[in-house]
Amino acid sequence: MLDNLALFFVHASLGILVYRLITRPDPEDLASPRAKPIDRFARRPRG
Amino acid sequence: MRDIFIFLCLIGMASAALWKPWLMTFTYLYTDLIQPQRLSYYLFRGVPLSLIIAIAAVLFFIADRKKNLRINIVQVLFVLFVLWFTFTTSRALIPDARAWFKWDAAWKAVIFGGVFLPMVLSTRRRIEAAVLLTVLCVALVSTSGAMKTLSGGGGYKELKMIVDVNKGLYESSTIGAVSVAIIPLMLYLFNHSPLVGKNIWTRIALVGLIASSLLIVVGTEARTGLVCLVAMVLMYFVRSRSKALFAVGIVVATAIAIPVLPQSFKDRMLTIAAPDEEISAATRTNVWHWTLNFVKDHPFGGGFEVNRITHFEFQLPVRGPDGTVLRERTVVEKARAFHSSYFEVLAEHGWIGLALYVSFLGGTLIQLGAMMRRTARDPPEERWRYDLAQALFRATMIYAVGGVFVGLATQTTLYMLLAMGLATMQTDATRREALARAARPAWRRPSALGTPAGLAVGT
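If you're matching them up, the sequences are chains D and P in order.
For what it's worth, this note's numbering labels the leading residue of the first sequence as 8, then goes sequentially.
For what it's worth, this note's numbering labels the leading residue of the second sequence as 58, then goes sequentially.
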């Protein structure tokens, strides 16, 4: 029970992390002269 | 049910690489740290998951547009270390499959962690994501162990981690050392990382994870954990602005903790001061003594798994209830582990292996220290570089101290920590180059198209 609880919370956090990594553009991509125009207009990261 | 859950998580993570190719390396780190095949009941049993994802990670790396192809001297030392231990394994004193089995795990940890990973972690975002992944993977084991400790399931060789395996992060001394080593990384992520952010939930998570890291040290009753904890407190004390206040805080915290700690934990920790009185500590010091004698005859070491030929005996005092020595009994030990990364490398790969091991460990720490000096006066918006270098320095240092008492020399977590340190230094070097280029007169600057992606300043 406790193991499954830890397993769920850690994987939920990992899921949120991966989602953020996909949906939020890397600021260094935005600054790159090679960035695609679509990236430049993408939502800026929060925080 | 657990198998399906892990399978879906793994598929989800690997699919993310279709959008961001470097996330396949991220998936590999997850697989290598957590080892889902150990968590699985039936689905992944016997599947070479790490190998499959490692191959995929290398293929996706080719498609990655932001490779960091700088080579640090430490990465050269990693390659030399692998070549050297391949040589020592080829002439191992125990030339059977088990030596090559350990070699197989070791070269993957060193090459993939130490050499390949810094090439993938080319931006701040990627480094922080890898740090966060490490924290979460360690947290999986530490929170599970911490909750069982709180419910009374702790104790030396009693605490059952999430998996009943004595390897990798699931080994009690290893998780004791690693869970303390990641505390500086957790604090960095909370204070600086846009991936984590500062809010009530992350604050609760930070407190919970630090508490888990401390509880796992109590739960496993691993002396290494306490030694790492002392090393960490000393490092924070040395850099603290108000040393008197810090010292008072530590004294108060210790005074509050001691009555609450289990007696078995206190008894076990007291054996640190008298290693010849307790069998586990005495075995450790005797196997180290055996190693020093062994390398006199075998300066190139005995190859992996040489601990299986250890054979020694020693006297252990038997005390009465009042503490007086009643008699001495002879203890005979065979095939004991080295319980120290440094003695493990010395016995297995001789003086050259130890020199290489200490060189890449020391080389990374020295370079991180140099980066801290360079970035100490950066403006507040650039402060994260200093703090990240400092957090990685502390984590590596704690790991190196823990390595004195537990065999961590071929653990993936060590090479991941070193890789993150190297990647941080390399992104800083890229930035400094860009700044130097920008400071040149206009007619000497290269065209914008030739500018590397990593020159961006700030977040």
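For glycine and all other residues, C-beta sits at the position ideal for the given N, C-alpha and C.
Taking DSSP as the reference, what is the three-state secondary structure of R260/P?
-> Stepping through the second sequence from its first residue, residue 260/P is reached at position 203. The answer is helix: DSSP assigns R260/P an H, G or I state.
Classify F138/P as helix, strand or coil using the three-state DSSP reduction.
-> Position 81 of the second sequence, counting from 1, holds the residue named residue 138/P. Three-state DSSP puts F138/P in a helix.
Using a C-beta to C-beta distance shorter than 7 Å, which residues of chain D count as neighbours of T180/P?
-> By one-based count along the second sequence, residue 180/P stands at place 123. In chain order: D33 and E35.
Using three-state DSSP, classify R325/P as helix, strand or coil.
-> In the second sequence, residue 325/P corresponds to position 268, counting from 1. Helix at R325/P.
Members of the stretch 214–236 of chain P near chain D, C-beta cut-off 7 Å | I219
Let me know the secondary structure DSSP gives Q483/P once reduced to three states.
-> On the second sequence, position 426 is the one that residue 483/P refers to. Three-state DSSP puts Q483/P in a helix.
Between the CA atoms of L418/P and S201/P - distance to the nearest angstrom = By one-based count along the second sequence, residue 201/P stands at place 144. By one-based count along the second sequence, residue 418/P stands at place 361. About 30 Å.
Looking only at DSSP bridge pairs, what is V375/P linked to?
-> For the purposes of this step, residue 375/P is taken as residue 318 along the second sequence, with counting starting at 1. According to DSSP, V375/P bridges with R384/P.
Who are the Cβ neighbours of K124/P in its own chain at under 8 Å, not counting the five residues just before and after it?
-> By 1-based counting over the second sequence, the position of residue 124/P is 67. So the list reads F118, M176, V177 and S179, once near-sequence residues are dropped.
What residue range is occupied by the uninterrupted alpha helix (DSSP H) comprising G407/P?
-> Against the second sequence, residue 407/P aligns to sequence position 350. Where G407/P is concerned, the enclosing alpha helix (DSSP H) stretches over S398 to T432.
V389/P (DSSP reduced to helix, strand or coil) = Position 332 of the second sequence, counting from 1, holds the residue named residue 389/P. It is a strand residue.
Does the Cβ of A499/P have 16 or more other Cβ atoms within 10 Å, making it buried, or fewer, making it exposed?
-> Taking the first residue of the second sequence as 1, we reach residue 499/P at position 442. Exposed: under 16 other Cβ atoms inside 10 Å.
Counted within 10 angstroms of its Cβ, other Cβ atoms place K300/P as buried (16 or more) or exposed = Along the second sequence, read from residue 1 onward, the residue named residue 300/P stands at position 243. Under this definition K300/P is an exposed residue.
Closest by C-alpha distance to G170/P, when choosing among Q424/P, T467/P, L106/P and T487/P | Here the question's residue 170/P lines up with position 113 in the second sequence. That would be T467/P, whose Cα lies nearest to the Cα of G170/P.
Compare the C-alpha of A279/P against each of I313/P, A234/P, M292/P and I240/P and name the closest.
-> In the second sequence, the residue the question calls residue 279/P occupies position 222. For the residues I313/P, A234/P, M292/P and I240/P, the minimum Cα distance to A279/P belongs to A234/P.
When DSSP builds the beta bridges, which residues end up paired with E370/P?
-> For the purposes of this step, residue 370/P is taken as residue 313 along the second sequence, with counting starting at 1. In DSSP, E370/P forms a bridge with V389/P.
Cβ-based burial, I45/D [other Cβ within 10 Å; buried from 16] = Within the first sequence, the letter at position 38 stands for residue 45/D. Because I45/D sits at a pLDDT of 47, beneath the cut-off of 50, its placement in the model cannot be relied upon, and the following sentence gives the value as read from the coordinates. Answer is exposed; the Cβ neighbour count stays below 16.
Considering only C-alpha positions, which residue in the set S97/P, H355/P, D435/P and V402/P is nearest to D485/P?
-> Residue 485/P sits at position 428 when you count from the first residue of the second sequence. Closest option to D485/P, Cα to Cα, is D435/P.
So G478/P packs on T421/P, CB below 8 Å; how close in whole Å?
-> Within the second sequence, numbered from 1, the residue matching residue 478/P stands at position 421. Within the second sequence, numbered from 1, the residue matching residue 421/P stands at position 364. Their Cβ separation, rounded to whole angstroms, is 5 Å, which keeps G478/P and T421/P in contact under 8 Å.
Could you tell me if I110/P is buried or exposed, where buried requires 16 or more neighbouring beta carbons within 10 angstroms of its beta carbon?
-> Position 53 of the second sequence, counted from the first residue, corresponds to residue 110/P. When all chains shown are included, I110/P counts as buried.
With a threshold of 16 other CB atoms inside 10 Å of the CB of M58/P, please say whether the residue is buried or exposed.
-> Translated into positions along the second sequence, residue 58/P becomes position 1. Exposed, since its Cβ has fewer than 16 Cβ neighbours within 10 Å.
Measure the Cβ-Cβ separation of V198/P and I219/P and say whether it is below 7 Å.
-> Position 141 of the second sequence holds residue 198/P. Position 162 of the second sequence holds residue 219/P. Yes, the Cβ-Cβ distance between V198/P and I219/P is below 7 Å.
When the Cα of H355/P is compared with those of R365/P, E405/P and P319/P, which residue comes out closest?
-> In the second sequence, residue 355/P corresponds to position 298, counting from 1. Checking every option, the nearest Cα to that of H355/P belongs to E405/P.
Closest by CA to T387/P, which one among T340/P, Y227/P and S236/P?
-> Translated into positions along the second sequence, residue 387/P becomes position 330. With distances taken between Cα atoms, T387/P lies closest to T340/P.
Indicate whether at least one CB of chain P lies closer than 7 Å to the CB of I23/D.
-> Position 16 of the first sequence, counted from the start, is the residue given in the question as residue 23/D. It does not; no Cβ of chain P falls within 7 Å.
Check whether L216/P and G276/P have beta carbons under 7 Å apart = Position 159 of the second sequence, counting from 1, holds the residue named residue 216/P. Position 219 of the second sequence, counting from 1, holds the residue named residue 276/P. Against a cut-off of 7 Å, the Cβ pair of G276/P and L216/P comes out as a contact.
Looking at chain D, which residues of the stretch 67–92 of chain P have a Cβ within less than 8 Å of any of its Cβ atoms?
-> G69, M70, A73, W76, K77, L80, F83 and Y87
Chain-ordered neighbours of A196/P on chain D, where CB pairs are closer than 7 Å = Translated into positions along the second sequence, residue 196/P becomes position 139. Going along chain D in sequence order, the residues near A196/P (Cβ under 7 Å) are V17.
Between which two residues does the alpha helix (DSSP H) harbouring V198/P extend?
-> Within the second sequence, residue 198/P is the residue found at index 141, counting from 1. R181 to L207 is the span of the alpha helix (DSSP H), which, as asked, contains V198/P.
Under the assumption that S416/P contacts G460/P (Cβ atoms under 8 Å), give the Cβ distance between them as a whole number of angstroms.
-> Sequence index remark: in the second sequence, residue 416/P carries index 359 (1-based). Sequence index remark: in the second sequence, residue 460/P carries index 403 (1-based). That pair is no contact at about 15 Å.
Mind pulling the chain D residues with CB within less than 9 Å of T200/P?
-> One-based indexing of the second sequence puts residue 200/P at position 143. Near T200/P (Cβ distances below 9 Å), the residues of chain D are L9, L12, A13, F16 and V17.
In chain D, which residues lie less than 7 Å from K124/P when you measure between Cβ atoms?
-> Here residue 124/P corresponds to residue number 67 of the second sequence, with the count starting at 1. Those within 7 Å of K124/P in chain D number zero; the least Cβ separation is about 13 Å.
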